[in-house]
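In what follows, a structure is listed as structure tokens, so that the remarks can point back to it.
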Amino acid sequence: MTDRLALLLPEEARARRDELIALCAQAFAGAPWHEPPRGALRTVDRLLDSAARRPDFHATAALGPDGELLGLAAGWTDTVLSGDAPAFELAELVVAPAHQGRGLGRALHDALLVAAGAGPALLMTLDVPELTDRYARWGWTVVGRSRPAREERDYVVMRRG
347 MTDRLALLLP EEARARRDEL IALCAQAFAG APWHEPPRGA LRTVDRLLDS AARRPDFHAT
407 AALGPDGELL GLAAGWTDTV LSGDAPAFEL AELVVAPAHQ GRGLGRALHD ALLVAAGAGP
467 ALLMTLDVPE LTDRYARWGW TVVGRSRPAR EERDYVVMRR G
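End of the sequence shown = 507 in my numbering, gap-free, step of one.
And the structure:
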């Protein structure tokens, strides 16, 4: 892998908004997500809103040789998924389709968790083997299932640490 990983500060994330939207639109258009382009816009705006208002926002970007955005992992500490004690929440992990299958997602994942520091981490993802099996290989365990409001698909909550 010749790509470079870098921490992405909130202001840098905002400056790359259009790139982030394009990245999410590409990555989430295919299986298993099948999201329309407006889903990428919602995802990025939610992410940037969190970056602007959370002092514990962390993001790791994968950058190509010319500085182009190839992938992103981001998260923050919250109680939304835990219900009680604060835990780091892996909110987004996205890799451009042309760069998937090379270990870039795992590298982003690992770098983000290191940046977040010690302690438990949670994530929510679609309840499909393609995703749950991948996260299980990376040390995550399913701790709950849900169908969020206005969703037509089932999700799992997974924990690590």
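C-beta atoms are modelled at their ideal positions from N, C-alpha and C, and glycine is treated no differently.
Collapsed DSSP secondary structure at residue i in the structure displayed
| i | result |
| --- | --- |
| residue 404 | strand |
| residue 471 | strand |
| residue 428 | coil |
| residue 433 | strand |
| residue 498 | coil |
Distance between residue j and residue i (C-alpha atoms, nearest Å)
| i | j | result |
| --- | --- | --- |
| residue 485 | residue 458 | 14 Å |
| residue 447 | residue 453 | 11 Å |
| residue 492 | residue 472 | 10 Å |
| residue 356 | residue 498 | 31 Å |
| residue 403 | residue 502 | 23 Å |
| residue 361 | residue 383 | 20 Å |
Beta-carbon gap between residue i and residue j smaller than 8 Å
| i | j | result |
| --- | --- | --- |
| residue 481 | residue 469 | yes |
| residue 440 | residue 398 | no |
| residue 418 | residue 435 | no |
| residue 376 | residue 443 | yes |
| residue 406 | residue 477 | no |
| residue 474 | residue 401 | no |
| residue 489 | residue 506 | no |
Among the options, the one whose alpha carbon lies nearest that of residue i
| i | options | result |
| --- | --- | --- |
| residue 386 | 366, 428, 454 | 366 |
| residue 461 | 447, 477, 423 | 423 |
| residue 411 | 353, 421, 349 | 349 |
| residue 416 | 450, 394, 384 | 450 |
| residue 414 | 496, 479, 369 | 369 |
| residue 358 | 428, 393, 455, 496 | 393 |
Bridge partner(s) assigned by DSSP for residue i
| i | result |
| --- | --- |
| residue 415 | 409 |
| residue 387 | Residue 387 is not bridged to any residue. |
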